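Participant: Note that UniProt numbering numbers the sequence shown so that position 8 is 8, with each residue one more than the last.
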Amino acid sequence: SIVGIYTNKFSKHAQYAMCKRDMNNSFVIKHTVSDVTYTISNFISKNKDILSTNILKLLKVSKNNLIRSMYEGVEVSESLGRKNLVTFKYLENLKKISSYLKSTNIYFIKCIKPNENKEKNNFNKKKVFPQLFSLSIIETLNIKYFFQYKYTFSSFLSYYEYLDLVISNDSNLDEKTKVCMMLERNFDGNSYKVAIARGRGSGTGNNGNV
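Written as structure tokens, this is what we have:
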């Protein structure tokens, strides 16, 4: 069986384990937060689902501009090759997303499961806290206070202009003045410092960072 093949190949892997309740049809993967049991029922057939060419053709001519734009560059093939498999499309989209993320400022988004009922705004403390510790979020919060983050005046305004639109949209103020006013109104004076970049600029005092 597939489980036997996996066990022979991955039995010594730290993240793989046998399912004692159903050794012939299930196996366990040890994820970061908890162990997850997978069953081999329809395991291969589910991953060989063919994405219907009729659905692709329909999406490419959708009246919804957003949906149509998402499928403009998608090639529709009548063959039954691997390019039409759902898993292949999924991996291709992951590659595109990864490529896009690499071209931007990367942020790490860690997801947790707040409850077992899929209810919004319902956080089960007994379930949430272990996940926060497992994902090192608590540790990260403590560590971050020892690191400084620098913004240029222009980048600060682009990120935080909505803190005070009256100030950020005032054309009579230069960038440094805008930033200083916004900081004074919205932040504790001990939590930031305004620096002047040396050896740069035209002497207007508008070059520097926060």
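From the three backbone atoms N, C-alpha and C, an ideal C-beta is built for every residue, glycine too.
Note that this is a predicted model, so its numbers are computed, not measured.
Would you check if the distance between the CB atom of Glu175 and the CB atom of Ser154 is smaller than 7 Å?
Facilitator: For Glu175 and Ser154, yes; Cβs fall inside 7 Å.
Participant: Straight-line CA distance for Ala195 to Tyr145?
Facilitator: Each residue's Cα considered, the two are about 19 Å apart.
Participant: For the alpha helix (DSSP H) that residue 240 lies in, which residues bound it at each end?
Facilitator: Missing from the structure shown is residue 240; the chain here goes from 1 to 210 and no further.
Participant: Does the contact criterion of 3 or more C-beta pairs under 8 Å hold for the stretch 21-32 versus the stretch 116-124?
Facilitator: Judged by Cβ distances under 8 Å, the stretch 21-32 makes no contact with the stretch 116-124, as fewer than three pairs qualify.
Participant: What did DSSP end up calling Ser11 once you bin it into helix, strand or coil?
Facilitator: Residue state, collapsed to three classes: coil.
Participant: For Asn209, write down the residues that DSSP places opposite it in a beta bridge.
Facilitator: The partner list for Asn209 (beta bridge, DSSP) reads Thr152, Ala195.
Participant: Among Leu56, Tyr107, Asn64, which residue has its Cα nearest to the Cα of Lys89?
Facilitator: Checked all of Leu56, Tyr107, Asn64; the closest Cα to Lys89 is Leu56.
Participant: Give the straight-line distance between the Cα atoms of His31 and Ser134, rounded to the nearest whole angstrom.
Facilitator: Taking the straight line joining both Cα atoms gives about 10 Å.
Participant: Taking Val36 as the reference, give the member of Leu163, Tyr107, Met18 with the closest Cα.
Facilitator: That would be Met18, whose Cα lies nearest to the Cα of Val36.
Participant: If you drop the 5 nearest sequence neighbours on each side, which residues of the same chain put their C-beta closer than 8 Å to that of Ile127?
Facilitator: Strictly speaking, residue 127 in this sequence is Lys, with Ile absent from that position. Closer than 8 Å at Cβ, skipping near neighbours: Lys113, Pro114, Asn115, Glu116.
Participant: Cα separation between Val28 and Lys12?
Facilitator: Cα to Cα, Val28 sits roughly 13 Å from Lys12.
Participant: Kindly indicate which three-state DSSP category Ile97 falls into: helix, strand or coil?
Facilitator: If DSSP states are grouped into helix, strand and coil, Ile97 belongs with the helices.
Participant: How about Met182 and Asp164: do their beta carbons lie closer than 7 Å?
Facilitator: Against a cut-off of 7 Å, the Cβ pair of Asp164 and Met182 comes out as a contact.
Participant: Using the three-state DSSP reduction, which class does Ser158 fall into: helix, strand or coil?
Facilitator: Ser158 falls in the helix class under three-state DSSP.
Participant: In the DSSP assignment, find the unbroken alpha helix (DSSP H) run with Val128 in it and report its ends.
Facilitator: Per DSSP, Val128 belongs to the alpha helix (DSSP H) from 125-134.
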